[in-house]
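Numbering (our numbering), first residue to last: 10 to 258. Contents: one structure, followed by commentary.
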């Protein structure tokens, strides 16, 4: 199969702790039950992204404060959403959003969404990450590339999102050879449109490709018109059970 293209496949097929990274649901006022579900004890979560309004918003949101408080009480790591707009975001605006996330919602780190992948953009991304660690020295930093970036990015973050896209693309995807130099807990895969009957296959691909943080959903992007991550997958209980028990090795 095309996704078995790296020495990482043989090294990561078994013995890997897989956990869920939630890219961010709809606003808690719109999806209160889904946010409450994330705080359920025993849910195998690596982290949950809080995206109030394309970032932290302009003022503290009481519904998001309540949702973040529940997750914190349950021991769930919360990441603030920061949009790099592929390197076009002004550094000052990014830093301002980071401070709001920390001050208002006490986030444990950040997902830097729409992160560039080119080598030429590395210095600016490194500057951003270094600054974020300076204002929060325990911050968990995830770079949301959505595809494999230049390998130098792996030295500047705790995790990289090396796939974000559809099941039709994921099932034939290929892993970059350089990822074999890092453990699976450095990589995340977000896949939408995964049918229930292919859930085991999707989990096997993630393990073979060496990605320990995953989020699979049967929701689709409607041809680019819908955010597939905003709602919980229809098979949420099933994927929680399978990930939590290590099923589908």
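From the three backbone atoms N, C-alpha and C, an ideal C-beta is built for every residue, glycine too.
Can you give me the C-alpha to C-alpha distance between residue i and residue j, rounded to a whole angstrom?
i           : j           : result
residue 68  : residue 124 : 25 Å
residue 188 : residue 218 : 9 Å
residue 104 : residue 141 : 8 Å
residue 63  : residue 121 : 12 Å
residue 248 : residue 149 : 24 Å
residue 55  : residue 118 : 12 Å
residue 235 : residue 72  : 23 Å
residue 45  : residue 82  : 12 Å
residue 168 : residue 131 : 15 Å
residue 138 : residue 213 : 31 Å
residue 202 : residue 220 : 18 Å
residue 34  : residue 41  : 10 Å
Classify residue i as helix, strand or coil using the three-state DSSP reduction.
i           : result
residue 56  : strand
residue 170 : strand
residue 222 : strand
residue 235 : coil
residue 85  : coil
residue 28  : strand
residue 197 : strand
residue 159 : coil
residue 118 : strand
For residue i, is the classification buried or exposed, using 16 other Cβ atoms within 10 angstroms of its Cβ as the cut-off for buried?
i           : result
residue 100 : exposed
residue 161 : exposed
residue 49  : exposed
residue 32  : buried
residue 27  : buried
residue 158 : buried
residue 178 : exposed
residue 204 : exposed
residue 61  : buried
residue 171 : buried
request  = Mind the definition here: the stretch 235-250 touches the stretch 69-79 only if three or more C-beta pairs lie below 8 Å; say whether that holds.
outcome  = When C-beta atoms of the stretch 235-250 are compared with those of the stretch 69-79, fewer than three pairs fall below 8 Å, so the two segments do not count as touching.
message = Could you check whether the stretch 109-123 touches the stretch 82-93, counting it as contact only if at least three pairs of C-beta atoms, one from each stretch, sit closer than 8 Å?
response = Touching, yes, given that three or more Cβ pairs across the two stretches are closer than 8 Å.
inquiry  = Tell me whether the stretch 220-230 and the stretch 191-203 touch, counting them as touching only if at least three CB pairs, one residue from each stretch, are closer than 8 Å.
reply    = Contact annotation: the stretch 220-230 touches the stretch 191-203, with at least three C-beta pairs closer than 8 Å.
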